[in-house]
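Heads up: the sequence shown begins at 14 in our numbering, then just goes up one per residue.
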Amino acid sequence: AILKLEMMGKLKVEDPISKYFPNVPADKQGITLHHLLTHSAGFPGAIGDDYASITGEEFVKMAMDQPLLFIPGKAYEYSNVGFSLLGIIVEQISKEPYEVFLNKQLFKPAGLTQTGYVLPGFKSANVATGYRGERNWGKINEKNWAKDGPYWHLRANGGILSNVEELYKWHQALLGEKILSKEAKAKYY
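In structure tokens:
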């Protein structure tokens with residue numbers, strides 16, 4: 014989604030996050046969208062429970078209050094936090110809910126109709142039930158979600174529902190240029 018927005022001329026991956034969020038603390042002023050995309054911003058992996066009710070604004074404040082694990086760009090640490098921040102930026106720039114932007118700009122052009130959070134209107138019988146060992150964990154979309162998908166501890170970093178056929182369509186779309194340009198795919202890969 015970020016690379017699509019860059020293709021559209023709406024942002025650059027070199028942009029600092031301070032361009033999109035007010036009052037970014039001094040230790041985070043050097044973080045760019047590229048750092049978030051490459052898990053090199055210094056944010057921890059997670060800062061809350063995936064199913065906790067939290068708005069985008071609350072999530073940004075919580076993220077900005079976190080101490081960084083390292084100076085941005087100096088190391089790697091997988092971070093769902095960074096991807097949720099990117100999702101919030103997608104909403105700010107596109108002026109659309111995250112899933113709506115994904116659906117219009119990425120999923121539909123790729124021919125995907127059964128990929129998303131809630132827009133595909135999944136029937137419960139078609140959503141896999143998760144297990145942890147012998148314990149039935151349930152279905153992800155039956156957890157505590159907002160009306161339009163997961164809250165921000167999970168939104169944009171996970172929770173997207175799909176299936177093998179849809180993943181194959183996505184792969185096929187990425188082989189061409191209907192989703193991302195050759196230049197955007199070079200950055201992506």
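All residues carry an ideal CB built from backbone N, CA and C; glycine is no exception.
Need the endpoints of the beta strand (DSSP E) that Asn149 sits in, please.
The residue labelled residue 149 in the question sits at position 136 within the sequence shown. It spans 148–151 - the beta strand (DSSP E) in which Asn149 sits, taken as one unbroken run.
Cβ-based neighbour list, Tyr111, same chain, cut-off 7 Å, excluding 5 preceding and 5 following:
As a working mapping, residue 111 is identified with position 98 in the sequence shown. So the list reads Gly100, Val103, Glu104, Arg168, Ala169, once near-sequence residues are dropped.
Tyr144 by DSSP, collapsed to three states: which one?
One-based indexing of the sequence shown puts residue 144 at position 131. In this structure, Tyr144 counts as strand in the three-state DSSP scheme.
Can you name, in chain order, every residue of its own chain whose Cβ lies under 6 Å from the Cβ of Ser107, other than the five neighbours on each side?
In the sequence shown, residue 107 corresponds to position 94, counting from 1. Result list for Ser107: Phe114, in chain order.
Do you know offhand how far Lys136's Cα is from Tyr64's?
The sequence position of residue 136 within the sequence shown is 123, counting from 1. The sequence position of residue 64 within the sequence shown is 51, counting from 1. When rounded, the distance between both Cα atoms is 21 Å.
Going by DSSP, what residue range makes up the alpha helix (DSSP H) through Lys87?
What you label residue 87 is simply residue 74 of the sequence shown in a count that begins at 1. No alpha helix (DSSP H) holds Lys87; DSSP gives it neither H nor E.
Cα-Cα separation, His47 to Phe120:
Here residue 47 refers to the residue found at position 34 when the sequence shown is read from its first residue. Here residue 120 refers to the residue found at position 107 when the sequence shown is read from its first residue. C-alpha separation (whole angstroms): 23 Å.
Return the Cβ separation of Val140 and Asn157 in integer angstroms, given the expectation that the two are a contact with Cβ distance under 8 Å.
Along the sequence shown, read from residue 1 onward, the residue named residue 140 stands at position 127. Along the sequence shown, read from residue 1 onward, the residue named residue 157 stands at position 144. That pair is no contact at about 16 Å.
Count the C-beta pairs between the region 183–197 and the region 142–150 that are closer than 8 Å, then say yes if the count reaches three, no if not.
no
From Thr45 to Ser92, what does the alpha carbon distance come to, in whole angstroms?
Along the sequence shown, read from residue 1 onward, the residue named residue 45 stands at position 32. Along the sequence shown, read from residue 1 onward, the residue named residue 92 stands at position 79. Their backbone Cα atoms lie some 14 Å apart in a straight line.
So what does Gly162 bridge to, in DSSP terms?
Here residue 162 refers to the residue found at position 149 when the sequence shown is read from its first residue. Paired residue(s): Ala159.
Touching or not, the region 127–134 and the region 74–89, by the rule of three or more beta carbon pairs under 8 Å?
no
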